[in-house]
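Enquirer:
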């Protein structure tokens, strides 16, 4: 029987990020995926046109039904507001789901904000504590930790704050840090590891969503955290070098 993943995120009308990217990633890995929409993001690959909120009772009802299907992993993307984060945390805790990958998305590629309210409080209070893996990029990690991130030492300090907030593992994606390569940094209670990759020039849409959902998929299958990240980065880099998107 195939493993099952839930993605809780915004729907991207361009198909390149959000729920659509997550479901492609799950299919690529070879597992089944179901989706719970938190928002509808009307956009092209280049810019956001508008954001349509969903009422909390709609999100909650949908999520309850999805969780009743006993998923092996949950991936959390765009939440958009605190009350949805609180709902997600409560239902995940009640269901006893352990493998939760949280990608704390703050804004779209064009700079449009994808969260309204207290970003730091919401993620550190509700979502970091339920996460098996917390996957901010450097900019998001800086906002959440309240510290500027310019180098590896800054990343160590920020990642420790997320561990203290309750995350089992933290993967800070270094693509936004200047340098010749794009290094991601993994921290656990007794673990510190760097994952190197070449910096690929060009405009890409949905790479963060794809990476976190690929990792979630491999965790569902049973790979270790390090193996899941290694495989996912290798797939994503290969696709980016070819200028392609993931296909199920």
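Residue numbers (my numbering): 128 to 375. In this text, a Cβ means the ideal position worked out from N, Cα and C, and glycines have one as well.
Use the C-beta contact count for residue 139: other C-beta atoms within 10 angstroms, 16 or more gives buried, fewer gives exposed.
Expert: Here residue 139 refers to the residue found at position 12 when the chain shown is read from its first residue. With 16 or more other Cβ atoms within 10 Å, it is buried.
Enquirer: The beta strand (DSSP E) that contains residue 180, what's its start and end?
Expert: Start at 1 with the first residue of the chain shown, and residue 180 comes out as number 53. Note, residue 180: beta strand (DSSP E), 175 to 180.
Enquirer: Hey, is the region 174 to 182 in contact with the region 144 to 160, meaning 3+ C-beta pairs nearer than 8 Å?
Expert: No, the region 174 to 182 does not touch the region 144 to 160.
Enquirer: Which residues does DSSP list as the beta-bridge partners of residue 260?
Expert: Walking along the chain shown from the start, residue 260 turns up at place 133. Residue 260 is bridged to 228, 296.
Enquirer: Is the distance from the Cβ of residue 208 to the Cβ of residue 243 below 8 Å?
Expert: Within the chain shown, residue 208 is the residue found at index 81, counting from 1. Within the chain shown, residue 243 is the residue found at index 116, counting from 1. Yes. Within cutoff.
Enquirer: Is residue 165 helix, strand or coil by DSSP?
Expert: The residue given as residue 165 occupies position 38 in the chain shown. Strand at residue 165.
Enquirer: Taking 8 Å as the cut-off, decide whether the C-beta atoms of residue 175 and residue 237 are in contact.
Expert: As a first step, residue 175 is located in the chain shown; it is residue number 48 there, counting from the start. As a first step, residue 237 is located in the chain shown; it is residue number 110 there, counting from the start. Yes, the Cβ-Cβ distance between residue 175 and residue 237 is below 8 Å.
Enquirer: Just to check my reading of the structure: residue 342 and residue 260 have Cβ atoms closer than 8 Å, yes? What is that Cβ distance to the nearest angstrom?
Expert: As a first step, residue 342 must be located in the chain shown, where it is residue number 215. As a first step, residue 260 must be located in the chain shown, where it is residue number 133. That belief holds up - the Cβ atoms of residue 342 and residue 260 are roughly 7 Å apart, short of 8 Å.
Enquirer: Rounded to whole angstroms, what's the CA-CA distance from residue 299 to residue 225? Just pull it up for me.
Expert: Locating residue 299 in the chain shown gives position 172, where the first residue counts as 1. Locating residue 225 in the chain shown gives position 98, where the first residue counts as 1. Using only the alpha carbons, I get a separation of about 20 Å.
Enquirer: By how many angstroms is the C-alpha of residue 142 removed from the C-alpha of residue 276?
Expert: For the purposes of this step, residue 276 is taken as residue 149 along the chain shown, with counting starting at 1. For the purposes of this step, residue 142 is taken as residue 15 along the chain shown, with counting starting at 1. Looking at the two C-alpha atoms, the distance is approximately 31 Å.
Enquirer: Secondary structure at residue 221, three-state DSSP: helix, strand or coil?
Expert: Residue mapping note: residue 221 aligns to position 94 of the chain shown, counting from 1. Note: residue 221 maps to helix in three-state DSSP.
Enquirer: Give me the residue from 199, 170, 204 with the minimum Cα distance to residue 239.
Expert: Start at 1 with the first residue of the chain shown, and residue 239 comes out as number 112. Closest by alpha carbon: 170.
Enquirer: With distance defined between alpha-carbon atoms, name the residue in 200, 309, 197, 246 nearest to residue 410.
Expert: Only positions 128 to 375 of the chain appear in this structure, which leaves residue 410 out of reach.
Enquirer: Figure out for me which residue from 257, 279, 254 has the closest Cα to the Cα of residue 265.
Expert: Within the chain shown, numbered from 1, the residue matching residue 265 stands at position 138. Per the Cα distances, 279.
Enquirer: Measuring alpha carbon to alpha carbon, tell me which of 133, 144, 349, 196 ends up nearest residue 338.
Expert: Within the chain shown, the letter at position 211 stands for residue 338. Selected option, being the one with the closest Cα: 144.
Enquirer: Is the Cβ-Cβ distance between residue 203 and residue 228 less than 8 Å?
Expert: The sequence position of residue 203 within the chain shown is 76, counting from 1. The sequence position of residue 228 within the chain shown is 101, counting from 1. Against a cut-off of 8 Å, the Cβ pair of residue 228 and residue 203 comes out as a contact.
Enquirer: With residue 130 as the anchor, note down where its beta strand (DSSP E) starts and where it stops.
Expert: Numbered from its first residue, the chain shown carries residue 130 at position 3. Note, residue 130: premise wrong, no beta strand (DSSP E); not H, not E.
Enquirer: May I ask you to list the residues that DSSP assigns as paired with residue 172?
Expert: Residue mapping note: residue 172 aligns to position 45 of the chain shown, counting from 1. The partner list for residue 172 (beta bridge, DSSP) is empty, contrary to what the question assumes.
Enquirer: State the CB to CB distance for the pair residue 241 and residue 215, rounded to an integer number of angstroms; the pair is presumed to be in contact (CB under 8 Å).
Expert: By one-based count along the chain shown, residue 241 stands at place 114. By one-based count along the chain shown, residue 215 stands at place 88. Contact doesn't hold; Cβ gap of about 15 Å is too wide.
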